[in-house]
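Residues in the sequence shown are numbered from 144 upward in steps of one, following the numbering used here. No residue lacks a Cβ here, since even glycine has one placed at the ideal position from N, Cα and C. Below: one structure, written as C-alpha cells.
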Amino acid sequence: MSTVAVVPGSFDPVTLGHLDVIERAAGLFDEVHVVVVHNPGKEAMFPIAQRVTLLEQAIAQAGLKGKLVVTSWSVGLLVDYCTDVGASVLVKGIRSQVDVAYEQPMAIVNRNLAGVETVFLLPHPANAHVSSSLVRQVAALGGDVSPYVPPAVADYLAKSELP
Ligand code: PNS
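The following block contains the structure:
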C-alpha cells in the first residue's frame with residue numbers, strides 16, 4: 144500500500160530549510176503533497192498564488208519534481224485536504240524546542256480530528272536557524288537573503304518592491 148504525505152506550511156517564502164524537509168519527505172513517502180496553507184495567526188508578505196509559484200520553481204531547480212504535488216489549501220481544515228487526497232501523514236520540520244511546543248498541540252488535534260499522524264523531521268543543522276520570518280525581515284531591510292533561500296526566491300525578492 145502506498146503512503147501519501149502532506150508537507151504543509153505558510154511558505155512565505157519557501158526557504159532552504161523547507162526544501163530540506165521536502166526532500167527528506169520525498170525520500171520517505173510514495174507521494175508527497177506540498178501545500179501552502181493560509182495561517183490566520185501570521186500576516187503574510189506574499190499572496191498564496193505567488194508562494195505556490197516560488198515553491199514550484201524552487202522544487203524544479205532542486206531537481207525534486209516527480210512525486211511531488213504543489214498546491215494550496217485555504218478553505219477548511221488541513222486534515223480535510225488530507226482526507227481528500229488519501230494522505231495519512233503530515234510532515235513538519237523541527238528546528239528547536241520552540242518548534243516542538245508549537246507543533247505538538249496541532250499534531251494531537253490533527254490526529255484526533257482525522258487519524259492523521261504527524262512525522263517530525265530534523266533539518267540539516269546548517270538550516271536550523273533559517274525561517275521565513277527572518278528572510279522577510281532581512282529582505283525588507285535590503286539585506287542579502289541568498290544564503291537562506293532557493294535561487295528562484297532570491298531572484299524574486301531582489302526584483303520585488305517589498306513593503
Ligand atoms: O508555516 P506555518 O505558518 O508554521 O504553518 C502552519 C500551518 C499553516 C501548517 C498550520 O497553521 C495549519 O495546519 N493550519 C491549518 C488549519 C487547521 O487545520 N487547523 C486545525 C488543526 S491544527
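Would you say the beta carbon of P151 comes nearer than 7 Å to a heavy atom of the ligand PNS?
yes
When you measure from the CB of M188 to every non-hydrogen atom of the ligand MG, does any distance come out below 7 Å?
Because the ligand MG does not appear in the structure shown, any question about it cannot be addressed here, the ligands present being the ligand PNS.
Relative to the alpha-carbon of N270, which residue among V292, P151, Q200, D173 has its alpha-carbon at the smallest distance?
V292
Using the Cα positions of L159 and V273, report the straight-line distance between them to the nearest angstrom.
8 Å
Please state the DSSP three-state secondary structure of A297.
helix
Check whether the Cβ of M249 lies closer than 7 Å to any heavy atom of the ligand PNS, and answer yes or no.
yes
Beta-carbon gap between V212 and L233 smaller than 8 Å:
no
Measuring only from the beta carbon, is V180 closer than 7 Å to any heavy atom that is part of the ligand PNS?
yes
Residues near E199 in its chain [Cβ-Cβ closer than 6 Å; skip 5 each side]
V213
Taking just the CA atoms, how far does V175 sit from M144?
15 Å
To the nearest angstrom, report how far apart R194 and V164 are at their CA atoms.
17 Å
Nearest candidate by alpha-carbon position, reference P190, set S215, K210, A203, L220:
S215
Just to confirm my understanding: we take Y299, look at its own chain, exclude 5 residues before and 5 after, and list those with CB closer than 7 Å. What are they?
L197
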